[in-house]
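Read through the structure below, which is laid out as structure tokens, and then see the notes.
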Ligand SMILES: [Zn+2]
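In my numbering, the protein residues as written are 6 to 481.
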């Protein structure tokens, strides 16, 4: 009898606010240890938290974009536990009245679209960071991360395989990036993923006891971890064993989950209402304003690009690869005559150059006006596409002016029929074998001849004219 996976995902995202959630310390990654700290975030006696309004704003943005109900009243709770990176010995979180509930996220699967329900989104504070000395028997602690605002986004156990888990995470990350609430960098810990995995026999309603998997460093590792854990549980159950409720640390290098501890129950944290923060009332006007100001999401952009601008699905996906890429495309498209030409340049050349030069989206700085001018030069036939690619690369790397560059390098398209005809005749005289091949029905020889004519025109020939003249002289 076959088995099916029942998995849920918990995502922690650090919010990209200027300051921390309960104090005025800067929220920044990579600073000297213990430089962005104060009595509040280091848990000094008597220091009182003040909620950062921007954190609530970002939580509302995420909640509304994910179709959640917003709690009219939300409250904070203390989650008590002792650990050296948590100086207060409790974390301020939300248990009984989380800010957002009952959302969903649509993903594409092999069987079509599927809704993954989101149980809740709540606000909490991050902990500090322990730095274990690699050889000496001591550990240092950096409290800069203490009090960095987090959203914990908890899905329902609606995920049935590794691909769905990855699709869910990719979609979620994309939405959060376009909302501007987090930079979602897994390598810097601003997006962290925990998995809850169980299995059940096909047709059964009762899944096994879920285990939790932590410390997963990439979406690919999520796929490996979830597959490994489901396989492990099936093996245990088929051998007549029982699944223990436990937390495992994912060791990606060795492709296995290592038991960390038996999983805590909520009671073990002795949750209690946070007495230093009042219940937060979120009035209807606030929710409506955030809803109204929600930016266009990547999925909506893709649909609009295809419908309104006639751009292909594949290009639309590339153009929405990051908010910066989408912004560059929209600015360029607005400035040029034909948005499809802008799409060719950006989804083709700019995206390729970003990969080639390992340019991060936040470092993408290409002048939209220059790209638009280039798009118009291609669209009006002043230069051909091959030359356009070369100029796009110069704009990307050196910020050249396309008009000047084309003039200085003599790259204008050769559309003079006499010049093109002379080039074609020359090539036909020289390439007797290809001409014979073509006349004997080898279609591919035609492409080769086009290439030779273009080469003799230094890549600047008008492709349509070259094709026409070649056909006339070969077939006529
Ligand atoms: Zn502070």
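Ideal Cβ positions, reconstructed from N, Cα and C, are used throughout, including at glycine. In this text, all values refer to a predicted model and were calculated from it rather than measured experimentally.
Cβ pair count under 8 angstroms reaching 3, the stretch 121 to 129 against the stretch 98 to 109: yes
Open item on the list: In the DSSP assignment, the beta strand (DSSP E) including residue 118 goes from what residue to what residue?
Closed with: Position 113 of the chain shown, counted from the first residue, corresponds to residue 118. It spans 117 to 130 - the beta strand (DSSP E) in which residue 118 sits, taken as one unbroken run.
(Q) Comparing C-alpha positions only, which one of 360, 384, 383, 191 sits nearest to residue 401? (A) As a first step, residue 401 must be located in the chain shown, where it is residue number 396. Among 360, 384, 383, 191, the Cα nearest to that of residue 401 belongs to 360.
Exercise. Which residues mark the beginning and the end of the alpha helix (DSSP H) in which residue 335 is found?
Worked result: Here residue 335 refers to the residue found at position 330 of the chain shown. Segment 328 to 340, the alpha helix (DSSP H) holding residue 335.
CB contact flag (residue 155, residue 129, <9 angstroms): By 1-based counting over the chain shown, the position of residue 155 is 150. By 1-based counting over the chain shown, the position of residue 129 is 124. Taking 9 angstroms as the Cβ cut-off, residue 155 and residue 129 qualify as a contacting pair.
Proximity winner among 372, 79, 84, relative to residue 273 (alpha-carbon distances): Here residue 273 is taken as the residue at index 268 of the chain shown, counted from 1. Here the closest residue by C-alpha is 84.
- Nonlocal neighbours in the same chain, by C-beta distance under 7 angstroms from residue 281, ignoring five residues either side: The residue given as residue 281 occupies position 276 in the chain shown. These residues qualify, in order along the chain: 53, 54.
Spatial distance of residue 312 from residue 356 (CA atoms)
The sequence position of residue 312 within the chain shown is 307, counting from 1. The sequence position of residue 356 within the chain shown is 351, counting from 1. Cα-Cα distance, rounded: 22 angstroms.
Notebook entry, point to check: Measuring from the CB of residue 51, is there a heavy atom of ligand 1 at a distance below 8 angstroms?
Noted result: Position 46 of the chain shown, counted from the start, is the residue given in the question as residue 51. The answer is no for residue 51.
Self-check item: Residue environment, residue 209, which counts as buried when at least 16 other CB atoms sit within 10 Å
Solution: Position 204 of the chain shown, counting from 1, holds the residue named residue 209. Classification of residue 209: exposed, given that the 10 Å Cβ count is below 16.
Subject >> Contact test: residue 401 Cβ vs ligand 1 heavy atom, cutoff 8 angstroms >> reply: Sequence index remark: in the chain shown, residue 401 carries index 396 (1-based). Every heavy atom of ligand 1 is 8 angstroms or more from the Cβ of residue 401, so no.
Counting pairs of beta carbons, one from the stretch 379 to 393 and one from the stretch 451 to 468, are three or more of them closer than 8 angstroms? yes
(message) Please state the DSSP three-state secondary structure of residue 483.
(response) The question about residue 483 has no answer here: the residues shown for the chain are numbered 6 through 481.
Tell me, please, whether the stretch 158 to 169 touches the stretch 6 to 26 by the rule of three or more beta-carbon pairs shorter than 8 angstroms. yes
query: Mind checking residue 250: buried by the 16 CB within 10 Å criterion, or exposed?
result: To locate residue 250, count along the chain shown from 1; it is residue 245. Exposed: under 16 other Cβ atoms inside 10 Å.
Which term fits residue 131, buried or exposed, when burial requires 16 or more other beta carbons within 10 angstroms of its beta carbon?
Taking the first residue of the chain shown as position 1, residue 131 is located at position 126. Result: buried.
* To do: Note the first and the last residue of the continuous beta strand (DSSP E) segment covering residue 138.
  => Along the chain shown, read from residue 1 onward, the residue named residue 138 stands at position 133. Note, residue 138: premise wrong, no beta strand (DSSP E); not H, not E.
For the stretch 20 to 31 against the stretch 246 to 262, are there 3 or more C-beta pairs whose distance is under 8 angstroms?
no
Is the distance from the Cβ of residue 231 to the Cβ of residue 218 below 9 angstroms?
By 1-based counting over the chain shown, the position of residue 231 is 226. By 1-based counting over the chain shown, the position of residue 218 is 213. It is a contact, given that the beta carbons lie within the stated cut-off.
- Query: Which term fits residue 103, buried or exposed, when burial requires 16 or more other beta carbons within 10 angstroms of its beta carbon?
  - Reply: For the purposes of this step, residue 103 is taken as the residue at position 98 of the chain shown. The residue in question, residue 103, is buried, as its Cβ has 16 or more Cβ neighbours within 10 Å.
Exercise. From which residue to which residue does the alpha helix (DSSP H) around residue 390 run?
Worked result: If you number the chain shown from 1, residue 390 lands on position 385. Here the alpha helix (DSSP H) through residue 390 covers 390 to 403.
Any non-hydrogen atom of ligand 1 closer than 8 angstroms to residue 5 Cβ:
Nothing about residue 5 can be reported from this structure: the residues present for the chain run from 6 to 481 only.
Out of curiosity, what's the CA-to-CA distance linking residue 330 and residue 147?
-> Here the question's residue 330 lines up with position 325 in the chain shown. Here the question's residue 147 lines up with position 142 in the chain shown. For residue 330 and residue 147, the distance between alpha carbons rounds to 35 angstroms.
- CA-CA distance, residue 149 and residue 133? Sequence index remark: in the chain shown, residue 149 carries index 144 (1-based). Sequence index remark: in the chain shown, residue 133 carries index 128 (1-based). Using only the alpha carbons, I get a separation of about 6 angstroms.
Original post:
Between residue 318 and the rest of its own chain, which residues show a CB-CB distance below 8 angstroms, the 5 nearest in sequence each way excluded?
Top reply: Here residue 318 refers to the residue found at position 313 of the chain shown. Hits under 8 angstroms: 307, 311.
- Thinking residue 358 and residue 398 are a contact (beta carbons under 8 angstroms), I'd like their distance in whole angstroms, please. Indexing the chain shown from 1 puts residue 358 at position 353. Indexing the chain shown from 1 puts residue 398 at position 393. The Cβ separation is near 6 angstroms, so the contact holds.
Leaving aside the five residues before and after residue 238 along the sequence, list all residues of the same chain whose C-beta is less than 8 angstroms from its C-beta, in chain order. For the purposes of this step, residue 238 is identified with residue 233 of the chain shown, where counting begins at 1. Hits under 8 angstroms: 202, 203, 204, 213, 216, 248.
Requested in this report: Check the C-beta distance from residue 383 over to residue 346 and give it rounded, since I have them as a contact under 8 angstroms.
Outcome: As a position in the chain shown, residue 383 is number 378, starting the count at 1. As a position in the chain shown, residue 346 is number 341, starting the count at 1. With a Cβ gap of about 6 angstroms, residue 383 and residue 346 count as contacting.
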